[in-house]
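Engineer: Quick note: the sequence shown, position 255, residue 255 per the UniProt record's numbering, numbers continuous. We put the beta carbon where it would ideally sit given N, CA and C, even for glycine. Take this structure first; my questions come after.
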Amino acid sequence: MPDLHPLPLLALHADGVLWVGLALVLATLMGESVFRFLHWPRLIGYTVAGLVIAAGGSRLQALDLQPSVRAIVDAALAMLLFEIGHRVNLRWLRANPWLMPISLGEWGLALLAMWAVLTAFGLGGLHGLATAAALACTAPAVALRISGEFNARGQVTERLLLLSALGAMWSILALGVFIGWLGAQHSAAWWNAVLQQIYAIGGAVLAAAVLAWSVNWVERHFDFTDEGAALLLVGLILLVLSVTRMLHWSTLLTPLLAGLLLRVRSQRPRVWPRHFGTAGGVLVVLLFLVLGLSLDWPLLARGLALGLALSLARALAKLAVPLALGRPSGLSWKQSAALGLALNPVAGVSFVLLLDLAHQVAGFPQALIAGAFAAIAVLELGGTLLARWALGRAGDIPSKRKNP
């Protein structure tokens, strides 16, 4: 007969839930601290918390993310991309014909500038061009977070949101082309690689249309301004995301296109809780925490020189186009310069595109990955602070901040 104990035997070892909880506490504390005391975006604290934990030896392997961690990244980006897509009014492109040249110009010039740097480092060619395309877009997640946390409103902020959404789309589509091209070079059946990318993008367009229609239909029966009802919206986004993951469609293009399609059907954006309530907010914290955890120090050290050169070339290109075309589009010189500086941040979209590039292209150069991740670290932190400062100088951030 087994011995019975009045109390359960204690297993004094930490499980995964404890470490996730501690990481969330640290990230939240650092995020709130930099926001309240330094007036910096909270995501700086979230990312730095990840870097600190990674320096302590608990880093994630960026090129070998666990499926559960990658699912968190995909889910957080899906909600952020859907949200920013819905904020963007594509009718503005028709009303102001200079906006599309600015979008294509700042993205394309940044790509060429970074490709020139990579060529100078002996890392050009098609691999370098694909890496530059992944880094060329401004982070939609950062633009959305800064505008929300600091109640930023104005011409520069609205153009930042528009250009970051369009830039993400150009990078996603360009990576599809480059991955197909690189795959065709390493395969006798080159058409298979091309068809795979057509399938991924075509499926994403179909899934985006279904998601936009579903949200529009559900909205007629529920009030999304209530956080409880907003969870239904989160569920719809995650449901469609899971389908796109299973069918190997583009998990980045689907939510972004869905948000854009939903906004096309209405003159004004819908009103719902930021990041669709608490559940979405937790995922956003985890996204930037994972980014910090994945940017391990040895990798950053190996690619720091290249990362700094890429960051500088990209920043100059992003500044040049708004300065050249900002005045005809209706901005002052000061606003044009502020917009160019605000386009610097890089974060989740570029990170995921680089992971997909490294996984889908055989023999991808490790030096390119190290330099690209170093550039992400520099621009996610330094670029975000520069964007926050630029929006403040442009007058889009009120002097008396709203505490969200």
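Tell me which residues share the same chain as residue 33 and place their Cβ nearer than 7 Å to its Cβ, disregarding the 5 neighbours each side in the sequence.
Structural biologist: In the sequence shown, residue 33 corresponds to position 33, counting from 1. Excluding sequence neighbours, residue 33 sits near 45.
Engineer: Inspect the beta-carbon positions of residue 139 and residue 358 and report whether they are closer than 8 Å.
Structural biologist: On the sequence shown, residue 139 is found 139 positions in, with the first residue counted as 1. On the sequence shown, residue 358 is found 358 positions in, with the first residue counted as 1. No, these two residues do not count as a Cβ contact at 8 Å.
Engineer: Sort 394, 384, 22 and 372 by Cα distance to residue 115 and report the nearest one.
Structural biologist: Working through the sequence shown from its first residue, we reach residue 115 at position 115. Checked all of 394, 384, 22 and 372; the closest Cα to residue 115 is 372.
Engineer: Under the three-state reduction of DSSP, which class applies to residue 61: helix, strand or coil?
Structural biologist: By 1-based counting over the sequence shown, the position of residue 61 is 61. Note: residue 61 maps to coil in three-state DSSP.
Engineer: Under the three-state reduction of DSSP, which class applies to residue 41: helix, strand or coil?
Structural biologist: Locating residue 41 in the sequence shown gives position 41, where the first residue counts as 1. The answer is coil: DSSP assigns residue 41 none of H, G, I, E or B.
Engineer: Measuring only the C-alpha atoms, how far is residue 251 from residue 169?
Structural biologist: Translated into the one-based positions of the sequence shown, residue 251 becomes position 251. Translated into the one-based positions of the sequence shown, residue 169 becomes position 169. Cα to Cα, the separation comes out at about 12 Å.
Engineer: Between 387, 385, 392 and 367, which has its C-alpha nearest residue 119's C-alpha?
Structural biologist: Taking the sequence shown and counting its residues from 1, one reaches residue 119 at position 119. When each option's Cα is compared against that of residue 119, the closest is 367.
Engineer: Does residue 254 come out as helix, strand or coil in the three-state DSSP assignment?
Structural biologist: On the sequence shown, position 254 is the one that residue 254 refers to. Helix, per DSSP.
Engineer: Our contact map puts residue 303 next to residue 50 with C-beta atoms below 8 Å; I'd like the distance itself, whole angstroms only.
Structural biologist: Position 303 of the sequence shown holds residue 303. Position 50 of the sequence shown holds residue 50. Not confirmed; about 18 Å, so no contact.
Engineer: Give every residue of the same chain whose Cβ lies closer than 7 Å to the Cβ of residue 402, excluding the five residues on either side of it in the sequence, and list them in chain order.
Structural biologist: Here the question's residue 402 lines up with position 402 in the sequence shown. Bear in mind that a pLDDT of 49 at residue 402, under 50, signals an unreliable position, so the model cannot answer this.
Engineer: Assess, as a yes-or-no matter, whether the segment 242–262 is touched by the segment 208–218 under the definition of 3 or more beta carbon pairs within less than 8 Å.
Structural biologist: Yes, since at least three Cβ pairs between the segment 208–218 and the segment 242–262 fall closer than 8 Å, the two stretches touch.
Engineer: Taking the alpha helix (DSSP H) that residue 392 belongs to, which residues open and close that run?
Structural biologist: Sequence index remark: in the sequence shown, residue 392 carries index 392 (1-based). Counting along the chain, the alpha helix (DSSP H) containing residue 392 begins and ends at 384–393.
Engineer: What's the call for residue 197, buried or exposed, on a 16-neighbour Cβ count within 10 Å?
Structural biologist: In the sequence shown, counting from the first residue as 1, residue 197 sits at position 197. Result: buried.
Engineer: So for residue 405, helix, strand or coil by DSSP?
Structural biologist: The structure shown has nothing for residue 405, since the chain only spans 1 to 404.
Engineer: Below 7 Å, is the gap between the Cβ of residue 256 and the nearest heavy atom of the ligand MG?
Structural biologist: Among the ligands in the structure shown, none appear at all, so the ligand MG cannot be discussed.
Engineer: Between the C-alpha atoms of residue 58 and residue 95, what's the straight-line distance to the nearest angstrom?
Structural biologist: To locate residue 58, count along the sequence shown from 1; it is residue 58. To locate residue 95, count along the sequence shown from 1; it is residue 95. Distance between the alpha carbons of residue 58 and residue 95 is about 50 Å.
Engineer: What does the Cβ neighbour count give for residue 157, buried or exposed, with the cut at 16 atoms within 10 Å?
Structural biologist: One-based indexing of the sequence shown puts residue 157 at position 157. Label assigned to residue 157: buried.
Engineer: Run the CB neighbour count on residue 297, radius 10 Å, all protein chains shown included, and call it buried at 16 or more, exposed below.
Structural biologist: By one-based count along the sequence shown, residue 297 stands at place 297. The residue is exposed, with fewer than 16 neighbouring Cβ atoms inside 10 Å.
Engineer: Compare the beta carbon distance of residue 178 and residue 133 with 8 Å and say whether it is the shorter of the two.
Structural biologist: The count along the sequence shown starts at 1 and reaches residue 178 at position 178. The count along the sequence shown starts at 1 and reaches residue 133 at position 133. Going by C-beta atoms, residue 178 is nearer than 8 Å to residue 133.
Engineer: Which residues in the same chain have their Cβ closer than 6 Å to the Cβ of residue 378, if we skip the five residues on either side of it in sequence?
Structural biologist: Position 378 of the sequence shown, counting from 1, holds the residue named residue 378. Contacts found: 307 and 311.
Engineer: Can you tell me whether residue 405 is helix, strand or coil according to DSSP?
Structural biologist: Because the chain is modelled from 1 through 404, residue 405 falls outside the range shown and cannot be assessed.
Engineer: Just to confirm my understanding: we take residue 288, look at its own chain, exclude 5 residues before and 5 after, and list those with CB closer than 6 Å. What are they?
Structural biologist: Indexing the sequence shown from 1 puts residue 288 at position 288. Closer than 6 Å at the Cβ level, and outside the excluded window around residue 288, lie 43, 46 and 47.
Engineer: So, with DSSP's three-state summary, where would you put residue 336?
Structural biologist: In the sequence shown, counting from the first residue as 1, residue 336 sits at position 336. In this structure, residue 336 counts as helix in the three-state DSSP scheme.
Engineer: Take residue 81 as the anchor and find which of 363, 349, 399 and 389 has the nearest alpha-carbon.
Structural biologist: Numbered from its first residue, the sequence shown carries residue 81 at position 81. Closest by alpha carbon: 349.
Engineer: Starting from the Cα of residue 167, find the closest Cα among 195, 146 and 101 and give me that residue.
Structural biologist: The residue given as residue 167 occupies position 167 in the sequence shown. Residue 101 is the option with its Cα nearest to residue 167.
Engineer: Would you decide whether residue 254 is buried or exposed? Buried here means 16 or more other CB atoms lie within 10 Å of its CB.
Structural biologist: Translated into positions along the sequence shown, residue 254 becomes position 254. By the neighbour-count rule (16 or more Cβ atoms within 10 Å), residue 254 is buried.
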